[in-house]
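Quick note on our numbering: the sequence shown kicks off at 1129 and runs consecutively.
Accompanying notes for the structure given below.
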Amino acid sequence: MSSHVPARKSHLDTVSHLIRLARIDASLDTRCMLAGATRFEFGACHEHEAPFHVLLEGTCLLRIGSRKLSLVPGDVVVIPSGAPHTITTPGRGRPQGVVKTSGDVFTTVRSARGGESVIDLFCGHYTFGPGAGTMLLRSLPDPVHASFGQPAGSGMLQTLSSLMRNEAQWQGAGTAVILSSLSTVLLAMVLRTSRGLATGATLWTAAGDNRIAAVIERVLDDPGADWSISRLSAVAAMSRATFIRHFQHSTAMTVGAFVTRARLMTAAELLRSGDDTVAAIAARVGYRSESAFSRAFRTASGTTPARFRRSFYHAQVRPRPEVRGPAARSTEAEGSR
């Protein structure tokens, strides 16, 4: 029997745990209040960024590659790949461009030729940490399209919409952090949405079968345990064959792929925040050999555990920039006392 240490000392639900593990931050960048027959092009995001859109009013078309998504009020779209895409509003004639007005907190975008707004669309991006964050985003459908409008959703998005609009109009002290927090709430709502009326996507973070959801939570609670198919099927109270079939239907991945992902996401956080050796971390997340762990980690993250850890070490030991202005004078004054 291999020794291990549970990764989660305090209990969190699956979505809350994953958002913390992935070190996700949110930024609301743009409010689009576009007239009819307008096209707005979004370029590719930077590495470790995923754009999102939430439509509060009106209808529009989002194009990403060869895919077209028709959006209605209450729709949220997250694009894990960060791929370029286009928003187009309905209307006759040649689509017009946009004009941007920078504000203290975000940019407001309107149609170049003016006209009454037909949509109110908030756009931003999620920044996620390398390692666990990358693994989480790569495991999601691309794009993720969820609808929280009636009848599929509840009144929660209406509350969020009202808060976002109020803050957008206010743009005062604390607006940036409030909009960031509300955008993180949106992501949590998406990640916990099981396949059905709200989304056609299968998200492993929101298994619709409560028995499969219980298995996912148990593995995330203790990824280093010996999670055999027999043990997992017992947790789900199913036969082996039934469990395997139900798990793949609910998560769109195999049991083995999920267990591997849970272990490597936890390992990435341990490498980033702890000082255990690579061998100790490998054992802690359920690997019997350091070499097997290193191969799996490199496949999932594109780098070795040692290089992954060194990248954070070098970032932490970089010299601090020289402080100028009043802060510098204050420091010098304190040093002369």
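Glycine included, every Cβ here is placed at the ideal spot set by N, Cα and C.
query = With respect to the alpha helix (DSSP H) encompassing T1312, which residues constitute its N-terminal and C-terminal limits?
reply = By 1-based counting over the sequence shown, the position of residue 1312 is 184. Per DSSP, the continuous alpha helix (DSSP H) segment holding T1312 begins and ends at 1303 to 1319.
Complete runs of the alpha helix (DSSP H) confined to the stretch 1198 to 1274 [at least 4 residues] = Complete alpha helix (DSSP H) runs here, min 4: 1260 to 1266.
E1185 (DSSP reduced to helix, strand or coil) = Within the sequence shown, residue 1185 is the residue found at index 57, counting from 1. Shown here, E1185 sits in a strand according to DSSP, grouped into three states.
task = Leaving aside the five residues before and after G1219 along the sequence, list all residues of the same chain whose C-beta is less than 6 Å from its C-beta, in chain order.
result = Taking the first residue of the sequence shown as 1, we reach residue 1219 at position 91. Correct list, in chain order: G1164, A1165.
Neighbour-count burial assignment, R1437, 16 or more Cβ in a 10 Å radius = Stepping through the sequence shown from its first residue, residue 1437 is reached at position 309. Sixteen is the threshold: when 16 or more other Cβ atoms of the shown chains lie within 10 Å of the Cβ of R1437, as they do, the residue is buried.
request  = Measure the Cβ-Cβ separation of G1231 and Q1299 and say whether it is below 8 Å.
outcome  = Sequence index remark: in the sequence shown, residue 1231 carries index 103 (1-based). Sequence index remark: in the sequence shown, residue 1299 carries index 171 (1-based). The answer is yes: Cβ separation under 8 Å.
query = Tell me the DSSP bridge mates of T1166?
reply = In the sequence shown, residue 1166 corresponds to position 38, counting from 1. Per the DSSP secondary-structure output, T1166 pairs in a beta bridge with Q1224.
message = Using 8 Å as the threshold, is the C-beta distance between L1249 and I1215 below it?
response = The residue labelled residue 1249 in the question sits at position 121 within the sequence shown. The residue labelled residue 1215 in the question sits at position 87 within the sequence shown. Yes. Within cutoff.
request  = Out of T1312, R1391, A1334, point me to the one whose CA is closest to Q1376's CA.
outcome  = Here the question's residue 1376 lines up with position 248 in the sequence shown. The residue with the shortest Cα to Cα distance from Q1376 is A1334.
message = With a threshold of 8 Å, are at least 3 pairs of Cβ atoms found where one atom belongs to the stretch 1194 to 1208 and the other to the stretch 1146 to 1159?
response = Cβ pair count under 8 Å is below three, so no.
ask   = How about A1154 and T1312: are their beta carbons less than 8 Å apart?
value = Reading the sequence shown from its first residue, position 26 is the one you call residue 1154. Reading the sequence shown from its first residue, position 184 is the one you call residue 1312. The answer is yes: Cβ separation under 8 Å.
key: L1183 vs V1246 beta-carbon contact at 8 Å   = Counted from its first residue, the sequence shown places residue 1183 at position 55. Counted from its first residue, the sequence shown places residue 1246 at position 118. Contact flag unset, no.
message = Excluding the 5 residues flanking A1410 on each side, which residues of the same chain have their C-beta closer than 6 Å to its C-beta?
response = In the sequence shown, residue 1410 corresponds to position 282, counting from 1. The residues are E1418, F1421.
key: Own chain residues within Cβ distance below 6 Å of T1217, not counting five before or after   = Residue mapping note: residue 1217 aligns to position 89 of the sequence shown, counting from 1. Answer for T1217: L1162, G1164, T1166, C1188, V1246, I1247, listed in chain order.
message = I need the straight-line Cα distance from L1146 to E1169, nearest angstrom please.
response = Here residue 1146 is taken as the residue at index 18 of the sequence shown, counted from 1. Here residue 1169 is taken as the residue at index 41 of the sequence shown, counted from 1. Cα to Cα, L1146 sits roughly 31 Å from E1169.
ask   = Whose C-alpha, out of P1351, S1289, F1425, is nearest the C-alpha of R1412?
value = Translated into positions along the sequence shown, residue 1412 becomes position 284. When P1351, S1289, F1425 are compared, the shortest CA-CA separation from R1412 is found for P1351.
key: Nonlocal neighbours in the same chain, by C-beta distance under 6 Å from R1339, ignoring five residues either side   = For the purposes of this step, residue 1339 is taken as residue 211 along the sequence shown, with counting starting at 1. Only A1364 meet the Cβ criterion.
ask   = Taking contact to mean at least 3 C-beta pairs separated by less than 8 Å, is the stretch 1261 to 1276 in contact with the stretch 1290 to 1306?
value = Taking 8 Å as the limit for Cβ pairs, the verdict is that the stretch 1290 to 1306 does not touch the stretch 1261 to 1276.
message = Tell me the rounded alpha-carbon separation between R1423 and L1310.
response = Your numbering for residue 1423 matches position 295 in the sequence shown. Your numbering for residue 1310 matches position 182 in the sequence shown. Between R1423 and L1310, the C-alpha separation is close to 38 Å.
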